[in-house]
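Single-structure report; data block below.
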Amino acid sequence: QSALTQPASVSGSPGQTITISCIGTSDDIGAYHHVSWYQQHPGKIPKVVIFEVTNRPSGVSSRFSGSKSGNTAFLTISGLQVDDEADYYCCSYAGSRVFVALGGGTKVTVL
Amino acid sequence: QDLLVQSGAEVKRPGSSVTVSCKASRESFSNCAFSWLRQAPGQGLEWLGGVVPIYNRTNYPPTSGDFRAKVTITADESSATVYLALSSLTEDDTAVYYCASERAGSPTTFDPWGQGTLVTVSS
Chain A
2 QSALTQPASV
12 SGSPGQTITI
22 SCIGTSDDIG
32 AYHHVSWYQQ
42 HPGKIPKVVI
52 FEVTNRPSGV
62 SSRFSGSKSG
72 NTAFLTISGL
82 QVDDEADYYC
92 CSYAGSRVFV
102 ALGGGTKVTV
112 L
Chain B
141 QDLLVQSGAE
151 VKRPGSSVTV
161 SCKASRESFS
171 NCAFSWLRQA
181 PGQGLEWLGG
191 VVPIYNRTNY
201 PPTSGDFRAK
211 VTITADESSA
221 TVYLALSSLT
231 EDDTAVYYCA
241 SERAGSPTTF
251 DPWGQGTLVT
261 VSS
């Protein structure tokens with residue numbers, strides 16, 4: 002059982018905007034600004050698309066954005082493209098005892 | 141961007157042990173923390189633990205005693221390599237194992253990742 006709760010799947014049509022939620026607790030997402038999101042295409046290694054809640058690494062499309070409200074983090078993908086079809090994982094720092102909390106992953110399907 | 145190069149695929153018998161290596165550049169080895177994660181077939185990511193070589197400190201998730209006894213993470217400064225050792229392997233340990241470095245000042249920002257090492261446990 003994952004520490005962070007994500008929907009199993011989210012779908013959208015090309016050009017639409019989708020949002021993936023990641024529900025944590027006051028011990029992880031609610032307590033720290035260290036939330037990251039990873040994109041993983043089938044058979045590929047995960048790639049960070051958002052770090053520190055809202056920051057986007059160089060080379061990642063501006064269509065990807067992150068936010069947080071209370072104990073829940075969000076990844077929003079705007080202008081959905083076929084290549085966005087992948088699994089997405091959220092991750093949060095969880096303090097000096099647990100260290101890392103991971104979500105179970107969300108499969109994004111582009112219809 | 142720094143690269144992490146992992147050792148090759150392994151096939152092991154139940155009850156045996158395996159060690160997976162991850163070689164970094166000397167610069168990143170001295171400045172970064174490293175984590176090991178795994179992904180069983182068709183499953184999500186699982187964090188196994190991490191090491192901060194400059195402080196010689198390892199961190200593990202608060203799991204059961206059996207799992208904690210199974211996993212050992214070490215680092216070798218002379219070769220800028222971090223290691224993941226798994227003992228008492230079972231078929232449930234079949235997975236792709238990844239090492240990843242953490243961005244300085246940004247815990248749980250895993251970037252970059254190694255290429256992954258498939259460990260297959262089968263009788």
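Top to bottom, those sequences are chains A and B. If you read the first sequence in my numbering, its first letter stands for residue 2, the second for the next number, and so on. If you read the second sequence in my numbering, its first letter stands for residue 141, the second for the next number, and so on. Note that beta-carbon positions come from the ideal geometry of N, C-alpha and C, so glycine has one too. Keep in mind it's a predicted model, so treat the numbers as computed, not measured.
Tell me the rounded alpha-carbon separation between residue i and residue j.
i	j	result
phenylalanine 174 (chain B)	alanine 164 (chain B)	10 Å
glycine 104 (chain A)	cysteine 92 (chain A)	6 Å
glycine 13 (chain A)	tryptophan 253 (chain B)	29 Å
arginine 166 (chain B)	alanine 225 (chain B)	22 Å
threonine 230 (chain B)	leucine 258 (chain B)	14 Å
glycine 31 (chain A)	isoleucine 24 (chain A)	9 Å
arginine 243 (chain B)	serine 161 (chain B)	20 Å
serine 156 (chain B)	alanine 220 (chain B)	26 Å
alanine 1 (chain A)	valine 36 (chain A)	Residue coverage of chain A in this structure runs from 2 to 112, which leaves residue 1 (chain A) outside it and unanswerable.
Is any beta-carbon of chain B found at less than 8 Å from that of residue i?
i	result
cysteine 23 (chain A)	no
proline 8 (chain A)	no
serine 12 (chain A)	no
glutamate 53 (chain A)	yes
glycine 106 (chain A)	yes
valine 61 (chain A)	no
histidine 35 (chain A)	yes
Can you name the residues of chain B whose CB is closer than 7 Å to the CB of residue i?
i	result
tyrosine 90 (chain A)	Gly184, Leu185
valine 109 (chain A)	Correct list: empty, because the minimum Cβ distance to chain B is about 14 Å.
serine 93 (chain A)	Thr248
Just mark residue i as buried or exposed, buried being the case when its beta carbon has 16 or more other beta carbons within 10 Å.
i	result
aspartate 233 (chain B)	buried
glutamine 183 (chain B)	exposed
serine 63 (chain A)	exposed
valine 49 (chain A)	buried
isoleucine 194 (chain B)	exposed
threonine 107 (chain A)	buried
valine 151 (chain B)	exposed
Examine chain A for any beta-carbon lying closer than 8 Å to the beta-carbon of residue i, and answer yes or no.
i	result
proline 154 (chain B)	no
serine 147 (chain B)	no
proline 181 (chain B)	no
arginine 208 (chain B)	no
aspartate 142 (chain B)	no
Since residue i meets chain A, which of its residues come closer than 7 Å, beta carbon to beta carbon?
i	result
threonine 203 (chain B)	Chain A residues near threonine 203 (chain B): none, gap ~10 Å exceeds 7 Å.
Could you name the residues of chain A that residue i contacts, counting a contact when the two beta carbons are closer than 8 Å?
i	result
tyrosine 238 (chain B)	Ile46, Pro47
Which residues of chain B have a Cβ atom closer than 8 Å to the Cβ of residue i, listed in chain order?
i	result
arginine 98 (chain A)	Pro202
Listing by chain order, which chain B residues have their CB less than 9 Å from the CB of residue i?
i	result
serine 79 (chain A)	Per Cβ cutoff of 9 Å: no residues; serine 79 (chain A) is ~22 Å from chain B at best.
Jot down the residue ranges of each uninterrupted beta strand (DSSP E) in the stretch 201-231 of chain B, minimum 3 residues, whole runs only, in chain order. Taken in chain order, the whole beta strand (DSSP E) runs of length 3 or more contained in the stretch 201-231 of chain B are 211-216, 221-226.
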